[in-house]
Amino acid sequence: MGSLKLENLNKAFGAVHVLHDIDLQIENGEFVVFVGPSGCGKSTLLRIIAGLEDVTSGSIAIGNRDVSALSPAERKIAMVFQSYALYPHMSVRKNLAFGLENLRFKRSEIENRINEAARMLAIEPYLDRKPKQLSGGQRQRVAIGRAIVREPDIFLFDEPLSNLNAALRVQTRAEITRLHRDIKTTMIYVTHDQVEAMTMADKIVVLRAGRIEQVGSPLELFDNPRNLFVAGFLGSPRMNMLKGTIIKRDDGTISIDAGYGVSLPCLVDPATVSPGQAVLAGIRPSHFTIADAGLPFEVQYHESLGTETYLYGNIKGEKDQIIVHQAGHFAPASGAMLKIMPAREKVHVFDPATELALPRLAGEGRG
Numbered sequence: 001m002g003s004l005k006l007e008n009l010n011k012a013f014g015a016v017h018v019l020h021d022i023d024l025q026i027e028n029g030e031f032v033v034f035v036g037p038s039g040c041g042k043s044t045l046l047r048i049i050a051g052l053e054d055v056t057s058g059s060i061a062i063g064n065r066d067v068s069a070l071s072p073a074e075r076k077i078a079m080v081f082q083s084y085a086l087y088p089h090m091s092v093r094k095n096l097a098f099g100l101e102n103l104r105f106k107r108s109e110i111e112n113r114i115n116e117a118a119r120m121l122a123i124e125p126y127l128d129r130k131p132k133q134l135s136g137g138q139r140q141r142v143a144i145g146r147a148i149v150r151e152p153d154i155f156l157f158d159e160p161l162s163n164l165n166a167a168l169r170v171q172t173r174a175e176i177t178r179l180h181r182d183i184k185t186t187m188i189y190v191t192h193d194q195v196e197a198m199t200m201a202d203k204i205v206v207l208r209a210g211r212i213e214q215v216g217s218p219l220e221l222f223d224n225p226r227n228l229f230v231a232g233f234l235g236s237p238r239m240n241m242l243k244g245t246i247i248k249r250d251d252g253t254i255s256i257d258a259g260y261g262v263s264l265p266c267l268v269d270p271a272t273v274s275p276g277q278a279v280l281a282g283i284r285p286s287h288f289t290i291a292d293a294g295l296p297f298e299v300q301y302h303e304s305l306g307t308e309t310y311l312y313g314n315i316k317g318e319k320d321q322i323i324v325h326q327a328g329h330f331a332p333a334s335g336a337m338l339k340i341m342p343a344r345e346k347v348h349v350f351d352p353a354t355e356l357a358l359p360r361l362a363g364e365g366r367g
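Okay, so the sequence shown: first residue is 1 according to UniProt numbering, each after it adds one.
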């Protein structure tokens, strides 16, 4: 069984503490993505799961086995590296067979596994080529094939698409997602690219400075970020942040005074805020609409992608950049003034002191 449980996991390199009290449960067959900025500890955590790094404290269980003290070979895990790690003097067939030969598998079993992996990954025409005769995308498929033939309980991917160009990244991303759907084996995937995380994962683990910030499905994290970091990290382009203060109305509803005579409706629980309290209103670019009344938005420039347009500018008199998404082609002149407003259910509200999201009214979703 490819379930994984990490309990109170810590890792230090000398005096430098790089992972702090990691607790995580991954179910059998899940596709889980570790995402976060460079240096957040995600690759170190993956190497600890693989057995390539020792833990300072805590435990690792795969299925019902505590594997904390086991070698990598004893964990029944296969890892795919960013660098492919192929043997340049061997053919693709020999690269796929090498690990199984060292484990003294029968020749017939090795051939069966190679042929099945080659079929799944569409690399049959390349089995007799050397790695230098392959494209980057083909080499990555061979590296994945070498993991597949081992039939592990868990696959680990350490930024496997980083060396590919943009088109190949999209293609290989889809191939890995399809592979997971076909073989239904647990996969743990490390990336700094939040688009990869959002499009591939069943579950995302967001890390910052060696700590888990939030765990959940892509939509859970997108719609209900726990704090400012998660809100700003997931979503492309980033979430806009506007300063404001809480207004409590006589009917019990809450809004945010955003200045310029504009109040932003929101669904914050009235019991958790006070009139005049400073807050940050988080609004994604796609959740603004151009309206007859609203915040004064001065366009600096726009990017038209044919089916959609991104407007870049700022609220008049403010320095922070605001991004507004519009469907279709829209080309306002630089310096044009527009009025923008979000829908009530789309406004995320954060406490700037704690950086935490403020509770919403019970039963209210983001929509």
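Even for Gly, the Cβ is constructed at its ideal location relative to N, Cα and C.
- Nearest-angstrom Cα distance between C40 and E213? Against the sequence shown, residue 40 aligns to sequence position 40. Against the sequence shown, residue 213 aligns to sequence position 213. Straight-line Cα distance between these residues: approximately 11 Å.
- Query: So F222 is in the alpha helix (DSSP H); what residue range does that whole segment cover?
  - Reply: Within the sequence shown, residue 222 is the residue found at index 222, counting from 1. Looking at the DSSP string, the run of the alpha helix (DSSP H) that includes F222 is 218 to 223.
- Please name the residue or residues paired with A61 in a DSSP beta bridge. Here residue 61 corresponds to residue number 61 of the sequence shown, with the count starting at 1. DSSP output for A61 lists K5, D66 as bridge partner(s).
- Message: Taking 7 Å as the threshold (beta carbon to beta carbon), is F31 in contact with chain B?
- Response: You won't find chain B in this structure, because it holds only one protein chain.
- In three-state terms, what does DSSP make of T186? Locating residue 186 in the sequence shown gives position 186, where the first residue counts as 1. Strand, per DSSP.
- What is the DSSP secondary structure of R249, counted as helix, strand or coil? By 1-based counting over the sequence shown, the position of residue 249 is 249. If DSSP states are grouped into helix, strand and coil, R249 belongs with coil.
- Message: Among A167, P342, Q25, E30, whose alpha-carbon lies nearest the alpha-carbon of K184?
- Response: The sequence position of residue 184 within the sequence shown is 184, counting from 1. Checked all of A167, P342, Q25, E30; the closest Cα to K184 is E30.
- Item | Cβ shell of G294 (< 7 Å), same chain only, five flanking positions each side left out | Locating residue 294 in the sequence shown gives position 294, counting from the first residue. Counting only Cβ-Cβ distances below 7 Å, and skipping sequence neighbours, we find V262, K339, I340, M341.
- Does the count of Cβ pairs from the segment 204 to 213 and the segment 41 to 49 closer than 8 Å reach three? yes
- Task: Tell me where the beta strand (DSSP E) around S43 begins and ends.
- Result: Position 43 of the sequence shown, counted from the first residue, corresponds to residue 43. Careful: S43 lies outside any beta strand (DSSP E), inside the alpha helix (DSSP H) at 42 to 50.
- Item | Neighbourhood of Y189 by C-beta distance below 6 Å, restricted to the same chain and skipping five residues each side | Taking the first residue of the sequence shown as position 1, residue 189 is located at position 189. So the list reads V33, F157, once near-sequence residues are dropped.
- Item | Spatial distance of M337 from E303 (CA atoms) | The residue labelled residue 337 in the question sits at position 337 within the sequence shown. The residue labelled residue 303 in the question sits at position 303 within the sequence shown. Taking the straight line from one Cα to the other gives about 17 Å.
- Please classify Q140: does DSSP put it in a helix, a strand, or coil? Stepping through the sequence shown from its first residue, residue 140 is reached at position 140. Q140: helix per DSSP, three-state reduction.
- Item | N-terminal and C-terminal residue of the alpha helix (DSSP H) that I110 is part of | For the purposes of this step, residue 110 is identified with residue 110 of the sequence shown, where counting begins at 1. It spans 107 to 121 - the alpha helix (DSSP H) in which I110 sits, taken as one unbroken run.
- Item | Proximity of L264 and V347 at Cβ, strictly below 7 Å | On the sequence shown, residue 264 is found 264 positions in, with the first residue counted as 1. On the sequence shown, residue 347 is found 347 positions in, with the first residue counted as 1. For L264 and V347, yes; Cβs fall inside 7 Å.
- Is A69 buried or exposed, if buried means 16 or more other CB atoms sit within 10 Å of its CB? Sequence index remark: in the sequence shown, residue 69 carries index 69 (1-based). The residue in question, A69, is exposed, as its Cβ has fewer than 16 Cβ neighbours within 10 Å.
- Query: Would you report the Cα separation of A167 and D257, rounded to the nearest angstrom?
  - Reply: Residue 167 sits at position 167 when you count from the first residue of the sequence shown. Residue 257 sits at position 257 when you count from the first residue of the sequence shown. The straight-line gap from Cα to Cα measures roughly 44 Å.
- My guess is that T191 and V35 are in contact by the Cβ rule of under 8 Å, so how many angstroms apart are they, rounded? The sequence position of residue 191 within the sequence shown is 191, counting from 1. The sequence position of residue 35 within the sequence shown is 35, counting from 1. With 8 Å as the limit, T191 and V35 qualify as a contact, their Cβ atoms being about 6 Å apart.
- Query: So what's S274 in DSSP terms, helix, strand or just coil?
  - Reply: Counting from one through the sequence shown, the residue named residue 274 turns up at place 274. DSSP places S274 in coil when its eight states are reduced to three.
- Query: Is the distance from the Cβ of A231 to the Cβ of P237 below 7 Å?
  - Reply: Along the sequence shown, one-based indexing puts residue 231 at 231. Along the sequence shown, one-based indexing puts residue 237 at 237. No.
- Message: Tell me the rounded alpha-carbon separation between R139 and I62.
- Response: Residue numbering aside, residue 139 sits at position 139 when the sequence shown is read from its first letter. Residue numbering aside, residue 62 sits at position 62 when the sequence shown is read from its first letter. Cα-Cα distance, rounded: 29 Å.
- From which residue to which residue does the alpha helix (DSSP H) around M200 run? Working through the sequence shown from its first residue, we reach residue 200 at position 200. From DSSP, the alpha helix (DSSP H) with M200 extends over 194 to 200.
- Item | Rounded C-alpha distance that separates M198 from V205 | Along the sequence shown, read from residue 1 onward, the residue named residue 198 stands at position 198. Along the sequence shown, read from residue 1 onward, the residue named residue 205 stands at position 205. The straight-line gap from Cα to Cα measures roughly 11 Å.
- Count the other C-beta atoms from every protein chain shown that fall within 10 angstroms of the C-beta of A201, then say buried if there are 16 or more, exposed otherwise. Residue 201 sits at position 201 when you count from the first residue of the sequence shown. That one is buried.
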